[in-house]
Structure formats: structure tokens, C-alpha cells
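Okay, so here's the structure we're looking at.
In the numbering used here, the protein residues as written are -1 to 295.
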């Protein structure tokens, strides 16, 4: 009897482990902006989500949102994998490998469609040839879409995608803000992030949503947010997003300071402006691997 009971418990444990490994991590209620500058080879990705930082670090083998979402190939292209994101990272590795081969984003989406979890996933892909492709699975809920656009005169191509948003306007206004903003491509991405946040962003998050950072709160629509800028000559790492990039600003419910804001997008803007004030303004940023969490400066 004791042996049978142990076996049943072991089987339950095995099933639980398999479910954790094989089921997708729900990066639902997420929006992201990806962009490339075909003149300089610079690529940028920024994103925010109502998934708390603790959910990434507890049993998900992920350091945070960027770690599992961003696919970065300096000088080649950039992509976002979200919604029912593949926690095995096979999707992300496929996108990374195919971008490096020069495969078109449309073809990459076709390849991803062979994944049984395709209908739960959302992707946005942009490459240095100005080719864009997106996918929003049928299981991603209301206000789930991806919109690509460009500023041909500036050699800039970009895409905004999101799911479980306050409305479709979250994405559409982000696209408009990106195009209306002047300055660097990073300035445009930051403006798009703010526009999405201002339109309600992730509809599940409010200032009352736990965890609650010890800081003032103005219109919170996410728990975490980040901005990553990679120049064409930034060294790549061993995986799809672990290179030495020119800029990575990471804002989480765990590292927001009392003199910042509990709204991660507002704090992202504060840290971005501090970074600019240090003199890192030129599009051709030095590949210094700057990592600014707002805690260790």
C-alpha cells in the first residue's frame, strides 16, 4: 500500500513538472514596440506587461520579460514573442536562427505556424530589409492585434503588437505616436510606449493591482517594462537576447524606487531621460552594454 501511494504521488509530481515545462507562459495583457533603422543597423524593442516580476523568476527559468520575449539580432532584425509565449524557447530560437539566415518574416511566421500552440501565441518580426510580419492567435482574447508601419524617408520600419489591451486604440495610438515623434528611433519607441500606456495599456493592471511598489502611482497599466537598444556592431551572446547591447533599461515592481513611479512606463521614461542626460544621444551609441535597473547606478 505504501509503495502504491508513493507511486501515485510520484506520477502526480511528474505530471505537474511536465505541465510547467510544456504549457505556455501567459504573457497575455502585454504590448511591445519593435523597430529597425536600415541606415544604421540599429534595432530596438520595448515592452510592458501586467505579469509581475515574481512570476518570471519563480519556476519559469526566466530573468524577466525581456529574457523570454525579445529576439535581438543587431544589424539584422528584431522580434517579439508574447501572449502564450513558448517557455521552451524553441520558437524564439527559430526566429533568431532564421533572421540570421535572411529568411523573410512572413516565411518565419509560416514556420512558427507548425507549432501546436500557434493559436495561443503572438509575434511581431521586422528585419533590415524593411520586411515586417505579425501574428495574433485566435485564443489571445479581445483587443489583440499587430500593426506594422514605416517612415521610409528615415529608413525606419516598425511594428506594435499587444493582447488583452484596453482597446485596439492602444496599438493604433502607439503607431501614431511613433510616427509623430522626432529625434532618435529610441525617442520614437519611448513615445509609442507612453501613448499605449496613456490609452489604458494592459486592461488588467491598475494602481491597486498587487504587487504595489513603494512609490507614487499615476495610471498604472503594467507591472514591468523595459527598453533595449542594440547597434549594428554590438556583440551577440550565445542565445537570442544575451548580447552586450548599447542600452537596456529594465523596470520591475521589484526595483522601482520611492523617488520614481509605480507605473513602470513612467519610470521607464524617467530612467531613459536620465540616460540621455548623461550624453548618450547619438544614434551610433557605443556598445558599452549599459544595464540600468535604477537600483545600481
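Just so you know, even glycine gets a beta-carbon here, dropped at the ideal spot from N, CA and C. Here the structure is a predicted model, which is why all the values come from computation and not from measurement.
Asked, Found
"Residue 199 and residue 46: beta carbons closer than 8 Å?", "yes"
"What is the DSSP secondary structure of residue 195, counted as helix, strand or coil?", "helix"
"By how many angstroms is the C-alpha of residue 189 removed from the C-alpha of residue 177?", "9 Å"
"For a quick check, are the C-beta atoms of residue 93 and residue 66 less than 8 Å apart?", "no"
"From this set, 164, 180 and 183, which residue's C-alpha is nearest residue 196's C-alpha?", "164"
"Check whether the Cβ atoms of residue 266 and residue 245 lie closer than 8 Å to each other.", "no"
"Does DSSP put residue 166 in a helix, a strand or coil?", "coil"
"Contact between the region 244 to 263 and the region 93 to 113 is defined here as three or more beta-carbon pairs at a separation below 8 Å; is this criterion met?", "no"
"Where residue 146 and residue 126 are concerned, what is the direct C-alpha to C-alpha distance, given to the nearest angstrom?", "14 Å"
"Could you give the distance in angstroms between the alpha-carbon of residue 30 and the alpha-carbon of residue 124?", "13 Å"
"In three-state terms, what does DSSP make of residue 248?", "strand"
"My assumption, with CB atoms under 8 Å, is that residue 39 sits in contact with residue 75. Please give the rounded CB distance.", "Not really, about 10 Å apart at Cβ, beyond 8 Å."
"Let me know the secondary structure DSSP gives residue 227 once reduced to three states.", "strand"
"Name the residue from 192, 251 and 230 whose alpha carbon lies nearest to the alpha carbon of residue 214.", "251"
"For residue 275, which of helix, strand or coil comes out of DSSP?", "helix"
"Can you give the beta carbon distance from residue 81 to residue 120, rounded, assuming they're within the 8 Å contact cut?", "4 Å"
"For a test of the three-state rule: what should DSSP assign to residue 59, helix, strand or coil?", "coil"
"Going by C-alpha to C-alpha distance, which of 175, 160 and 156 sits closest to residue 311?", "In the structure displayed, the chain extends from -1 to 295; residue 311 sits before or after that span and is not available."
"Between the alpha carbons of residue 151 and residue 62, how many angstroms are there, rounded?", "35 Å"
"In or out: residue 276 buried (at least 16 other Cβ within 10 Å) or exposed?", "exposed"
"Please list the segments of the alpha helix (DSSP H) lying wholly inside the region 74 to 119, counting only runs of 4 or more residues, in order along the chain.", "88 to 99 and 103 to 110"
"If we count the other Cβ atoms within 10 Å of its Cβ and call it buried at 16 or more, is residue 86 buried or exposed?", "exposed"
"Flag this pair as yes or no: are the beta carbons of residue 113 and residue 89 separated by less than 8 Å?", "yes"
"Using DSSP with H/G/I as helix, E/B as strand and the rest coil, what is residue 27?", "coil"
"Assuming residue 192 and residue 185 are in contact, meaning their beta carbons sit under 8 Å apart, how far apart are those beta carbons, in whole angstroms?", "That belief does not hold up - the Cβ atoms of residue 192 and residue 185 are roughly 11 Å apart, past 8 Å."
"So the candidates are 255, 271 and 238; which of them puts its Cα closest to the Cα of residue 98?", "238"
"According to DSSP, residue 121 sits in a beta bridge with which residue or residues?", "79 and 133"
"Thinking just about the alpha-carbon of each residue, which of 236, 254, 271 and 242 is nearest to the one in residue 95?", "236"
"Measure the alpha-carbon distance for residue 167 versus residue 42 and round it to whole angstroms.", "22 Å"
"Taking only the alpha-carbon atoms, compute the straight-line gap between residue 130 and residue 205 and give it to the nearest angstrom.", "35 Å"
"Starting from the C-beta of residue 211, find all residues in its chain whose C-beta is less than 6 Å away, skip the five residues before and the five after it, and write them out in chain order.", "251, 254 and 260"
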